[in-house]
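Asks: As numbered in numbering that gives the first Met the number 0, residues 0 to 165 make up the sequence shown, in order. Positions of the beta carbon are idealized from the N, C-alpha and C atoms, including for glycine. What you are looking at is a predicted structure, and each value in this text was computed from that prediction instead of being measured. One structure, as structure tokens, below. Some questions next.
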Amino acid sequence: MELDNLSYRAATALVHSYAREDEVAGAHREAMDCRDCKDFLQLGIDAFQWVMRADQVLRRAMFEGKAAFDPAQAEAGIRALCALWLKPCEPANRWISLQESRGFKVDNVERFHECCTEMRAIVAAQDATDEDMPEAIARLQDRAIEEHRNGETAEFVWSEQLGRSQ
0 MELDNLSYRA ATALVHSYAR EDEVAGAHRE AMDCRDCKDF LQLGIDAFQW
50 VMRADQVLRR AMFEGKAAFD PAQAEAGIRA LCALWLKPCE PANRWISLQE
100 SRGFKVDNVE RFHECCTEMR AIVAAQDATD EDMPEAIARL QDRAIEEHRN
150 GETAEFVWSE QLGRSQ
């Protein structure tokens, strides 16, 4: 005889759900871990953007002569932040791989990888000596310095072109 009773069916469904709770809890933990991974990557992206902003603000203040701080100390501070920013990249990449192996897609992986690539290049450039610099880059740097000394900044060139077109 088949048990066809509402209370028995409800009890059966609940007991099966209860018995699978460890599976459900495990899946929930994995999903939350993926969300935490995404949030961690976003934190890294945000921190990257703030380091870039701080560098721009400090350099502009130095260029405009409004720096109320030691430029060498500011440069050292930015260098230290850049190097420190890179430390979590490898563990983050392992965390991303774990999420992908579970079948999850982490939303901001591409942007995080772009930040890692850019920061590695920045740190390499900071650590490079003039001898390490490619000749083409060294020429561009020398030209930019000379143009700056002559007042031929981008703003100068732009205003000159506007003046000719009017």
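Suppose you measure from the CA of residue 148 to the CA of residue 54; what does that come to, to the nearest Å?
Replies: Between residue 148 and residue 54, the C-alpha separation is close to 21 angstroms.
Asks: Let me know if residue 156 comes out buried or exposed under the rule of 16 or more other beta-carbons within 10 Å of its beta-carbon.
Replies: With a pLDDT of 46 at residue 156, under the threshold of 50, the modelled position of this residue cannot be trusted; read the value that follows with caution. Result: exposed.
Asks: Here's the rule I'm using: 16 or more other beta-carbon atoms within 10 Å means buried, otherwise exposed. How should residue 111 be labelled?
Replies: By the 10 Å Cβ count, residue 111 comes out buried.
Asks: Shortest alpha-carbon distance to residue 32 belongs to which of 85, 104, 79, 49?
Replies: When only C-alpha atoms are compared, the closest one is 104.
Asks: Between the alpha carbons of residue 48 and residue 15, how many angstroms are there, rounded?
Replies: Rounded to whole angstroms, residue 48 to residue 15 spans 49 angstroms at the Cα level.
Asks: For residue 81, which of 138, 50, 28, 95 has the nearest alpha-carbon?
Replies: Nearest option by C-alpha distance: 50.
Asks: In whole angstroms, give me the CA-to-CA distance for residue 67 and residue 30.
Replies: If I take the Cα positions, the gap works out to 48 angstroms.
Asks: Flag this pair as yes or no: are the beta carbons of residue 40 and residue 77 separated by less than 9 angstroms?
Replies: No, the Cβ-Cβ distance between residue 40 and residue 77 is not below 9 angstroms.
Asks: Got a sec, what are the start and stop residues for the alpha helix (DSSP H) residue 70 sits in?
Replies: Segment 70-85, the alpha helix (DSSP H) holding residue 70.
Asks: By DSSP, does residue 45 sit in helix, in strand, or in coil?
Replies: Three-state DSSP puts residue 45 in a helix.
Asks: Assign residue 124 to one of two classes, buried (16 or more other C-beta atoms within 10 Å of its C-beta) or exposed (fewer than that).
Replies: Flag for residue 124 reads exposed.
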